[in-house]
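**Student:** Residues 56 to 442 (our numbering) make up the sequence shown, in order. Quick one: this structure, given as structure tokens, is what I'll be asking you about.
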Amino acid sequence: MSIIPALKCSWNELLDNFIKGLDNAIVELNAHSIDTIAGALPLLLDRLRIMQNNFPANNGQIFKQTIDDIIQNAFFPENLTFAQSFEKILNSRTHEQDFIINELVNGFITSKAKAIASYSQGPIIDRMVEAFSKRNDFHIVDHQFYAMFGDPNVPRTYVMINLQILIDLFGLVSEELVIQKDIRKSEEKVYTFYTFPNDILNVLKKKYLITNPVTGNLSVSEAFDRNVFICLFLANIAVNRSNLSSIGGKYTVNGISAIFALILVLSFMPKMTATPQLLKHPSFSSPNVSISVIPKSWMMKKVLESIFEPLIKIIAFRLGGIQWCEAIIDTEINKKIHTQIRFLLKDVNKWILGELCRVEIPIFIEILNTIQVTLQAQQSGRTTTTP
């Protein structure tokens with residue numbers, strides 16, 4: 056009788072690996088405490104034990120509700136067209152609300168397109184915003200892209216190949232214009248223009264584009280910013296998640312899964328009261344800014360990676376099924392991607408007086424509230440079933 060091997064990315068296996076990761080993290084914390092904040096270690100251990108005992112319960116109900124109902128619904132909606140998905144993501148939140156996610160995605164895209172970005176000044180998305188803002192027809196010709204991102208030491212064809220990868224990431228489209236210079240000699244010049252698909256342009260016209268009533272040309276309003284491209288990138292992933300080549304391949308799957316794994320687990324980390332010194336720091340001078348402190352022990356490599364790596368596969372499984380989960384390959388290259396995402400936190404948060412201060416944003420609060428409601432339901436026996 057043949058034995059059917061266990062699936063590499065079965066849901067039960069993913070939950071088991073998450074529990075094992077928590078076991079390792081707790082051992083490391085008990086062996087190496089580096090906290091300078093009184094009471095930080097007991098709080099963190101308590102949170103890890105809650106995760107250990109409750110997150111895999113009821114077939115991973117907490118994961119399903121937080122990932123499916125919050126992350127996927129807001130950033131990767133299902134069963135919608137490209138334009139519908141883009142509009143939903145664009146209207147659901149603002150850049151200010153989700154600046155950490157936007158900054159992480161922006162950093163990821165820049166890393167993905169580093170063959171182009173290495174020679175240009177400033178982040179890729181900011182350059183894209185600038186380029187489209189300067190054109191009154193909302194088209195960017197190929198030689199303009201080369202002027203922005205080209206490197207005199209790199210062949211033009213190489214840059215254009217990498218440019219196409221960038222175009223595909225955002226779901227932009229190309230159009231060709233053929234100009235006949237001399238009909239008698241049949242000489243012609245072909246220009247390639249890049250722009251947004253028509254249904255995306257119709258969405259943008261509601262807020263971001265201004266049409267000249269005389270010429271019909273489009274100009275960009277002041278509201279047009281990097282958030283448009285970030286939402287476009289996320290919408291492209293949402294509608295093409297089953298076609299990895301259309302969203303940047305395994306690199307994108309690993310990067311996006313790592314970003315949202317980090318967001319999910321940070322949402323449940325204990326909050327430490329900011330010290331008077333931190334509150335007086337000029338970076339947080341506004342009384343309307345709510346901050347908390349991420350204890351140093353949480354940032355320990357062995358602690359974070361023990362939880363982070365299995366959670367990446369859980370995120371991938373919920374967003375893209377077995378295909379995405381199997382794309383999370385435990386190679387040194389992918390581990391570098393995951394490490395880069397983790398350290399991007401330092402770019403979007405602030406180290407003050409040796410501690411990492413986290414500005415509270417809606418996605419953290421939403422996830423934490425969902426987890427707490429589900430925990431209360433589990434403890435009272437009022438469980439619900441999520442497919």
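We treat Cβ as the ideally placed atom computed from N, Cα and C, and that holds for glycine. Please read these numbers as outputs of a predicted model, since none were measured by experiment.
Looking only at its own chain, which residues have a Cβ that is under 8 Å from the Cβ of Trp66, when we skip the five neighbours before and after it?
**Tutor:** The answer, listed in chain order, is Asn114, Gly115, Phe372.
**Student:** Between Leu77 and Ile367, how many whole angstroms is the CB-CB distance? I'm expecting something under 8 Å.
**Tutor:** The pair is not a contact, with the Cβ atoms about 15 Å apart (cut-off 8 Å).
**Student:** Give a yes or no on whether the C-beta atoms belonging to Val184 and Phe279 are separated by under 8 Å.
**Tutor:** In this structure, Phe279 lies closer than 8 Å to Val184 by Cβ.
**Student:** Under three-state DSSP, which class holds Lys356?
**Tutor:** Helix.
**Student:** On a Cα-Cα basis, can you pick out the residue from Ile314, Glu142, Asn85 that is closest to Leu256?
**Tutor:** The shortest C-alpha separation from Leu256 is found at Glu142.
**Student:** Consult DSSP for Leu264 and reduce its assignment to one of helix, strand or coil.
**Tutor:** Three-state result, Leu264: strand.
**Student:** Quick one: grab the DSSP three-state call for Phe131.
**Tutor:** Coil.
**Student:** Let me check understanding here. Comparing Cα to Cα, which of Asn134, Gly376, Leu69, His87 lies closest to Ala112?
**Tutor:** When only C-alpha atoms are compared, the closest one is Leu69.
**Student:** Could you tell me the distance, in whole angstroms, from the CA atom of Asn72 to the CA atom of Asn79?
**Tutor:** Going by the C-alpha atoms only, they are around 11 Å apart.
**Student:** Measuring alpha carbon to alpha carbon, tell me which of Ser297, Ile285, Phe323, Leu321 ends up nearest Thr38.
**Tutor:** Lying outside 56 to 442, the shown extent of the chain, residue 38 is not represented and no answer is given.
**Student:** I believe Ile370 touches Ala316 by the beta-carbon criterion, under 8 Å. Please report the beta-carbon distance rounded to the nearest angstrom.
**Tutor:** With 8 Å as the limit, Ile370 and Ala316 qualify as a contact, their Cβ atoms being about 5 Å apart.
**Student:** Whether or not the segment 214-225 and the segment 296-316 are in contact is what I'm after, with contact meaning three or more pairs of Cβ atoms, one per stretch, closer than 8 Å; do they touch?
**Tutor:** Segments in contact, yes.
**Student:** According to DSSP, what are the bridge partners of Tyr246?
**Tutor:** Leu232, per the DSSP bridge assignment.
**Student:** State the CB to CB distance for the pair Tyr249 and Ile311, rounded to an integer number of angstroms; the pair is presumed to be in contact (CB under 8 Å).
**Tutor:** About 23 Å; that fails the 8 Å criterion.
**Student:** Does the segment 271-278 come close enough to the segment 131-138 to have 3 or more Cβ pairs within less than 8 Å?
**Tutor:** The segment 271-278 vs the segment 131-138: no contact.
**Student:** Using only CA atoms, which one of Thr247, Val275, Tyr246 lies nearest to Lys260?
**Tutor:** It is Val275.
**Student:** Use the C-beta contact count for Pro210: other C-beta atoms within 10 angstroms, 16 or more gives buried, fewer gives exposed.
**Tutor:** Under this definition Pro210 is an exposed residue.
**Student:** Give the single residue among Gly375, Glu360, Met355, Leu227 whose Cα lies nearest to the Cα of Phe137.
**Tutor:** Per the Cα distances, Leu227.
**Student:** Can you check which of these residues, His198, Glu381, Glu277, is closest to Lys305 by C-alpha distance?
**Tutor:** That would be Glu381, whose Cα lies nearest to the Cα of Lys305.
**Student:** On the DSSP bridge assignment, give the partners of Ser274 in chain order.
**Tutor:** DSSP lists Ile265 as partners of Ser274.
**Student:** What are the boundary residues of the alpha helix (DSSP H) that Cys286 is part of?
**Tutor:** Where Cys286 is concerned, the enclosing alpha helix (DSSP H) stretches over 281-294.
**Student:** Quick check on this structure: which residue in Val245, Glu83, Cys64, Ile74 has the alpha carbon closest to the alpha carbon of Val358?
**Tutor:** Minimum Cα distance to Val358 is reached at Glu83.
**Student:** Below 8 Å on the Cβ atoms is my contact criterion, and I expect Asn109 with Leu430 to pass it. Report the Cβ-Cβ distance as a whole number of Å.
**Tutor:** At roughly 6 Å, the Cβ-Cβ gap stays under 8 Å, so Asn109 and Leu430 are in contact.
**Student:** Figure out for me which residue from Glu230, Asn161, Glu231, Phe193 has the closest Cα to the Cα of Ile180.
**Tutor:** The shortest C-alpha separation from Ile180 is found at Asn161.
**Student:** Report the CB separation of Asp153 from Ile418 in whole angstroms; it is logged as a contact under 8 Å.
**Tutor:** At roughly 6 Å, the Cβ-Cβ gap stays under 8 Å, so Asp153 and Ile418 are in contact.
**Student:** For Trp379, which of Arg281, Gly436, Thr307 has the nearest alpha-carbon?
**Tutor:** Ranking Arg281, Gly436, Thr307 by Cα distance to Trp379 puts Thr307 first.
**Student:** Cutting at 6 Å between CB atoms, please list the residues of its own chain near Tyr263, excluding the five before and the five after it.
**Tutor:** Correct list, in chain order: Ser276, Ala278, Phe279.
**Student:** Chain B beta carbons: is any one of them nearer than 8 Å to that of Leu98?
**Tutor:** Among the chains in the structure shown there is no chain B, since it carries only a single protein chain.
**Student:** Out of Ser140, Ile318, Ala186, which one is the CA nearest neighbour of Val258?
**Tutor:** Per the Cα distances, Ser140.
**Student:** What is the rounded straight-line gap between the Cα of Lys119 and the Cα of Ile155?
**Tutor:** Answer to the nearest angstrom: the Cα atoms are 22 Å apart.
**Student:** Alpha carbon to alpha carbon, how far is Ile74 from Ala432?
**Tutor:** Cα to Cα, the separation comes out at about 21 Å.
**Student:** With DSSP as the reference, label Val308 as helix, strand or coil.
**Tutor:** Helix, per DSSP.
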